[in-house]
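Participant: For the protein sequence lines, the chains are A and B, in the order given.
One gets the working numbering by counting positions in the first sequence from 1 and adding 200 to each.
One gets the working numbering by counting positions in the second sequence from 1 and adding 674 to each.
Cβ coordinates follow ideal geometry from the N, Cα and C atoms, glycine included.
The model shown is predicted, which means the values in this text are computed figures rather than measured ones.
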Amino acid sequence: MNTNISINRRQFMKLSLASAATFGIGFSATGCSEVASGKGDAIIFNLWLEIAKDSSITVIVPEIDMGQGVHKALSMLIAEELDVDFENLRIRHASFAEGYRGIHTGGSTSIRSNWSAFRKAGAIARQMLIKSAALKWNVDESECLTAKGYVQLRDASKKIPYGDLVDTAQTLDLPDNVTLKSPVDFSVIGKNIPHFHTKEKVTGEFQYGIDFETPDMLVAVIRRCPVFGGTLSDFDDAKTRKLDGVEDVVKFGNKVAVLSKSYWISKKGADLLDIKWDTKGFDSLSTRSIRAELASQLPSVIQTTNDKQLEAVYEVPFQAHATMEPLSCVAYVRDGEADVWAATQSTEIALREVAQNVLNSAERFIEKMKSKMSDSRNIDNIRIHPLYPGGGFGRRLEQDFVVEAVLISKAVGKPVKTIWSREDDLMHGAYRAMGMIKASGELGENGYPKSWRFHLASTNTRRGFVDAHQRSYSIDKFEHTESEVQTLVPAGYWRSVGNSVYAFYSECFLDEMAKTSSIDPLEYRLTLLAGKSRQLAVLKKCGELFDWNKPLAQGRGKGIAYYEAYGSYIAMMVEVSIQNQGVKIEKIVSTIDCGIPVDPKNIESQVEGGIIFGLTATIKSAITLKNGRVEQSNFDNFPLIRMNEIPSIQVHVIPSMEAVGGVGELSVPIVAPAVVNAINNATGKQLRKLPIKAEDLV
Amino acid sequence: MKTIELSINGKARRISVAGDTPLLWVLRDELKLTGTKFSCGIGACGACTVHIDGKAVQSCQTKIEDIANSHVVTIEHISKDKIHKIQQAWINAEVSQCGYCQPGHIMKAIALFSNKPSLSRDEFISAMSSNLCRCGTYNRMINAMFDAAPTVE
């Protein structure tokens, strides 16, 4: 049965855009009752789609696609309700100039937050196109239907492409009601449809942030103090300036930039700088010193009952994002005006931070007052142009790389492109926090937990949030407290954020409780999730595909982890074998229930990709500090999992009609506990610290 | 500053740059061929892979002064006339996520199969491990070469 929805006219609006050659549907998140006259005065409308007179359809996406497939998935929502061929859709990033309030992509929210508005927009447009055709043909709307970009009469005697109806559609009012398709009728959503952009990505045509250029641009390579908190005391650029091609050397804050027309010259020039850093008082910071502080914040556990008590301490290191595309930004600042091109995950934050650095304080005050009055986040003379990132993983929510380019351009009055090296990226990252956790719990006589408590001591709690600590397990008493050790190590949102830490210690501790009670860890979880159908289904399917109950050979182990976040459910089972040189992950099976799967093949890719991303952090690499600086600098000392190191991976997406849940980050958190639980099972040890290294198994 | 003569994508070129400039930056900055990517600069990731005289080479590790008179082919030239079989297999298997590392992987794969059409799955995996993918698309690459299209010429 199709769903009939009433349309709130303060929320949806048709838009005649500047060119008047298109018919567009926009959605207002603010729900203001006044009508916008054009470029976002009283209301900010988020545009979802434009239909042009030549019948081309442009989907305007308010999200960044960094490989997680959201541009395709959001377009599928439009294609479904609007009834057009998917291949004919074009994509454009939503921009401030069109009255859009800013893109901010993260938290696995792209589909969930746009699901309803995108479907409605497509359905509204389709209905108005039908009405337009009905008017043209002087028939009742019920005589018309749509067929992949055309409106036609039921008997197909008349047919007209959408583009030819744009003029009429622009004159109509929004409908009072619109009908959304029933999931059982979906012909696009949930189907396997070829990905656009795929061809450009294999031919080298696809453009990323680092590929962008403007005329007369200078390329900047920056030197930053390797010790967090250190300052620039002095520098000698005599050798640098003598290098053929170097055009300028710019000091800004505690950094020095070398500018030329090409990366290589700027890099060589930067290498020739003789810089004196003042690091006194900052160079004793180390992983060891931080660990000692974290440990001192862990509470003692006091036994208050006669129940069997368990206690354990877990440890997680700093982690780096290491996007394949290094950070880069092109900025052109002049006379209080700025254009910024960057592969950022947030044009919203970029705008704010660029404005802070470009506008003087009086201008900032005026902009602030304007934004209060009209809820407009437009700042006309500052334009952020989002580019496609070669990986984001949360790193690009920090705009440090944007601000640097802006400051240099402001200093030289020319367009400037900054390019970070891999060393810059790993040593000046925005890291997933380091933490130590005290876990404790009491077991009932039946071996199941009566209570469990965690205290997380972390170097950053703000960028370490967890979706929901309390999950579906039926455990009477649950407590989670946090404390922070302040350091100068920059913190960032690492794919899955606090879930990446929480899943590790909670799922490993649950396993310890199961082991103490001599209960199979799958059975343990099934019992604790009794009565919860989606949760049980995810675990049971995983067990079936993995063949959990099959006995394993000597030297092998199996592990399980289960997690809920972003409105989705996921289970993972891992088989490992102990070898001379360390652990070998033999196979991983994962099942996911993310509600209605929009793009199933891509969901599989995201889960599998997240597994490989999580594996690097579980058995390979971490960020450590010594003498106030990061010890890792490139892929030789921060290696990533390679093709010859991946296990057999099987991902199963559970068919569902439930509300859409997030996927992009979901598989990362459970890799570590599933693998560690498997290693503990194989070795009889109780490993509680990441990453697992070969020497941990000797 | 040196002037080096070599062939790039079938065209004779005279490049005037510092002799130690890596081919990667000659391609990207001098010739505006941005399909070849920068990611690590130390030859550890393969994003910068090109063909030099038919072999897969990491262009960030190749100084322009060392390859005078050679024939360089970049990703842009592979599909100049029509899409390559390997690129088509990659598209069919929907390998790419962010896509940044894909040109490097594809250049490596093309060189491997050109030199040994009967390359086995294990040989492929072993050789391709010179290239990194942070999005984790490795299995799809293997599927593209062996499961979707069992014989790749």
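With a threshold of 7 Å on Cβ separation, who are the neighbours of Asp896 (chain A) within its own chain once the five nearest residues in sequence on each side are excluded?
Facilitator: Stepping through the first sequence from its first residue, residue 896 (chain A) is reached at position 696. If we look at Asp896 (chain A) and ignore the five residues flanking it on each side, its Cβ neighbours are Leu887.
Participant: Pair every Cβ in the segment 757-777 of chain B with every Cβ in the segment 806-819 of chain B, then say whether three or more of these pairs are closer than 8 Å.
Facilitator: Verdict: yes, contact present.
Participant: For Gly899 (chain A), collect the residues of the same chain with a Cβ closer than 7 Å to its Cβ; drop the 5 residues on either side in sequence, then sort them by chain order.
Facilitator: There is simply no residue 899 (chain A) to check, as chain A begins at 201 and stops at 898 in what is shown.
Participant: Given a limit of 7 Å on CB to CB distance, which residues of the segment 611-627 of chain A reach chain B?
Facilitator: Under the 7 Å Cβ criterion, the segment 611-627 of chain A contributes Ser621, Arg622.
Participant: Compute the beta-carbon to beta-carbon distance between Ser790 (chain A) and Val851 (chain A), rounded to the nearest angstrom, for a pair I have assumed lies under 8 Å.
Facilitator: The residue you call residue 790 (chain A) lines up with position 590 of the first sequence. The residue you call residue 851 (chain A) lines up with position 651 of the first sequence. 5 Å between Cβ atoms; contact.
Participant: For Pro797 (chain A), name the three-state secondary structure that DSSP assigns.
Facilitator: Your numbering for residue 797 (chain A) matches position 597 in the first sequence. The answer is coil: DSSP assigns Pro797 (chain A) none of H, G, I, E or B.
Participant: Taking the beta carbon of Lys885 (chain A) as the centre, do at least 16 other beta carbons fall within 10 Å, making it buried, or is it exposed?
Facilitator: For the purposes of this step, residue 885 (chain A) is taken as residue 685 along the first sequence, with counting starting at 1. Lys885 (chain A) should be labelled exposed.
Participant: Can you list the residues of chain A that Ile784 (chain B) reaches, using a CB-CB cut of under 8 Å?
Facilitator: Against the second sequence, residue 784 (chain B) aligns to sequence position 110. The premise fails here: Ile784 (chain B) is roughly 11 Å from chain A at the closest Cβ pair, so nothing lies under 8 Å.
Participant: Taking three-plus beta-carbon pairs below 8 Å as touching, is the segment 490-503 of chain A in contact with the segment 608-624 of chain A?
Facilitator: No contact exists between the segment 490-503 of chain A and the segment 608-624 of chain A.
Participant: On the three-state DSSP scale, how would you describe Gly224 (chain A)?
Facilitator: Taking the first sequence and counting its residues from 1, one reaches residue 224 (chain A) at position 24. Gly224 (chain A): strand per DSSP, three-state reduction.
Participant: Grab me the residues of Leu527 (chain A)'s own chain with a C-beta within less than 7 Å of its C-beta, minus the 5 sequence neighbours each way, in chain order.
Facilitator: Stepping through the first sequence from its first residue, residue 527 (chain A) is reached at position 327. Closer than 7 Å at Cβ, skipping near neighbours: Phe601, Trp620, Asp625.
Participant: Contact between the segment 651-670 of chain A and the segment 776-783 of chain A: three or more CB pairs below 8 Å?
Facilitator: With a cut-off of 8 Å, the segment 776-783 of chain A and the segment 651-670 of chain A do not count as touching, because too few Cβ pairs lie within range.
Participant: At 7 Å on the CB atoms, spell out the chain A contacts of Ala718 (chain B), in chain order.
Facilitator: Position 44 of the second sequence, counted from the start, is the residue given in the question as residue 718 (chain B). Those are Asn834, Phe835, Asp836, listed as they occur along chain A.
Participant: Against chain A, with Cβ distances strictly below 9 Å, would Val731 (chain B) count as a contact?
Facilitator: Stepping through the second sequence from its first residue, residue 731 (chain B) is reached at position 57. No, because no Cβ of chain A sits closer than 9 Å to the Cβ of Val731 (chain B).
Participant: Restricting to Cα atoms, I'd like to know which of A:Val697, A:Met627, A:Glu707, A:Gly664 is closest to Arg653 (chain A).
Facilitator: Locating residue 653 (chain A) in the first sequence gives position 453, counting from the first residue. Arg653 (chain A) has its Cα closest to that of A:Glu707, out of A:Val697, A:Met627, A:Glu707, A:Gly664.
Participant: From the DSSP output, which residues share a beta bridge with Val259 (chain A)?
Facilitator: Within the first sequence, the letter at position 59 stands for residue 259 (chain A). Paired residue(s): A:Leu249, A:Ile291.
Participant: What span of residues does the alpha helix (DSSP H) with Trp541 (chain A) cover, start to end?
Facilitator: Taking the first sequence and counting its residues from 1, the one referred to as residue 541 (chain A) is at position 341. Not the alpha helix (DSSP H): Trp541 (chain A) falls in the beta strand (DSSP E), residues 537-542.
Participant: Use the C-beta contact count for Pro615 (chain A): other C-beta atoms within 10 angstroms, 16 or more gives buried, fewer gives exposed.
Facilitator: The count along the first sequence starts at 1 and reaches residue 615 (chain A) at position 415. Counting Cβ neighbours within 10 Å, Pro615 (chain A) comes out buried, since at least 16 surround it.
Participant: Closest by CA to Trp248 (chain A), which one among A:Val261, A:Asn837, A:Glu642, A:Lys348?
Facilitator: Looking up residue 248 (chain A) in the first sequence gives position 48. If we check each option's Cα against that of Trp248 (chain A), A:Val261 comes out closest.
Participant: Would you grab the beta carbon distance between Ile752 (chain B) and Leu697 (chain B) for me? Rounded to a whole angstrom, and I think it's under 8 Å.
Facilitator: As a working note, residue 752 (chain B) is residue 78 in the second sequence. As a working note, residue 697 (chain B) is residue 23 in the second sequence. Contact doesn't hold; Cβ gap of about 17 Å is too wide.
Participant: Just verifying my parser: in three-state terms, what is the DSSP assignment at Leu372 (chain A)?
Facilitator: By 1-based counting over the first sequence, the position of residue 372 (chain A) is 172. The answer is coil: DSSP assigns Leu372 (chain A) none of H, G, I, E or B.
Participant: Are any of the Cβ atoms in chain B nearer than 9 Å to that of Ala522 (chain A)?
Facilitator: For the purposes of this step, residue 522 (chain A) is taken as residue 322 along the first sequence, with counting starting at 1. Ala522 (chain A) counts as touching chain B.
Participant: So Asn377 (chain A) is in the beta strand (DSSP E); what residue range does that whole segment cover?
Facilitator: The count along the first sequence starts at 1 and reaches residue 377 (chain A) at position 177. 377-380 is the span of the beta strand (DSSP E), which, as asked, contains Asn377 (chain A).
Participant: Taking only beta-carbon positions, decide if Val826 (chain B) is within less than 9 Å of chain A.
Facilitator: Mapped onto the second sequence, residue 826 (chain B) falls at position 152. For Val826 (chain B), the predicted model reports a pLDDT of 41, less than 50, meaning its position is unreliable and no value from the coordinates is stated.
Participant: Cutting at 6 Å between CB atoms, please list the residues of its own chain near Arg424 (chain A), excluding the five before and the five after it.
Facilitator: The count along the first sequence starts at 1 and reaches residue 424 (chain A) at position 224. Lys455, His628.
Participant: I need the straight-line Cα distance from Ser476 (chain A) to Asp448 (chain A), nearest angstrom please.
Facilitator: Translated into the one-based positions of the first sequence, residue 476 (chain A) becomes position 276. Translated into the one-based positions of the first sequence, residue 448 (chain A) becomes position 248. Inspection of the sequence shows that residue 476 (chain A) is occupied by Lys rather than by Ser. When rounded, the distance between both Cα atoms is 19 Å.
Participant: I'd like to know if the segment 667-679 of chain A and the segment 750-758 of chain A are in contact, where contact means that at least 3 CB-CB pairs between them fall below 8 Å.
Facilitator: At 8 Å Cβ cutoff, the stretches do not touch.
Participant: Check each candidate in A:Val458, A:Ala420, A:Gly430 and name the one with the smallest Cα separation from Ala438 (chain A).
Facilitator: Here the question's residue 438 (chain A) lines up with position 238 in the first sequence. Ranking A:Val458, A:Ala420, A:Gly430 by Cα distance to Ala438 (chain A) puts A:Val458 first.
Participant: Go to Pro721 (chain A), then tell me how far its alpha helix (DSSP H) extends in each direction, as first and last residue.
Facilitator: In the first sequence, the residue the question calls residue 721 (chain A) occupies position 521. 721-728 is the span of the alpha helix (DSSP H), which, as asked, contains Pro721 (chain A).
Participant: What residues from chain A crowd round Pro696 (chain B), counting only those whose CB sits closer than 8 Å?
Facilitator: Numbered from its first residue, the second sequence carries residue 696 (chain B) at position 22. Within 8 Å Cβ-Cβ: Trp464.
Participant: Only counting the same chain, and skipping five residues up and downstream in sequence, which positions put a Cβ closer than 7 Å to that of Val235 (chain A)?
Facilitator: Translated into positions along the first sequence, residue 235 (chain A) becomes position 35. Annotation note: pLDDT 32 at Val235 (chain A) (below 50); position unreliable, no value reported.
Participant: Return the first residue and the last residue of the beta strand (DSSP E) that Phe678 (chain A) is part of.
Facilitator: Locating residue 678 (chain A) in the first sequence gives position 478, counting from the first residue. Taken as a continuous stretch (DSSP letters only), the beta strand (DSSP E) holding Phe678 (chain A) covers 677-684.
Participant: Using the beta-carbon of each residue, which ones in chain A are nearer than 7 Å to Asn813 (chain B)?
Facilitator: By one-based count along the second sequence, residue 813 (chain B) stands at place 139. Glu808, Ile846, Ile849, listed in chain order.
Participant: Check each residue of the segment 438-452 of chain A: if its Cβ is closer than 7 Å to any Cβ of chain B, include it; give the result in chain order.
Facilitator: The segment 438-452 of chain A vs chain B, Cβ under 7 Å: Asp444.
Participant: For the alpha helix (DSSP H) that Glu341 (chain A) lies in, which residues bound it at each end?
Facilitator: If you number the first sequence from 1, residue 341 (chain A) lands on position 141. No alpha helix (DSSP H) holds Glu341 (chain A); DSSP gives it neither H nor E.
Participant: For Lys369 (chain A), which of A:Gly862, A:Val427, A:Ile330 has the nearest alpha-carbon?
Facilitator: The sequence position of residue 369 (chain A) within the first sequence is 169, counting from 1. It should be pointed out that residue 369 (chain A) corresponds to Ala in this sequence rather than to Lys. Looking at the Cα atoms, A:Ile330 is the closest of the given residues.
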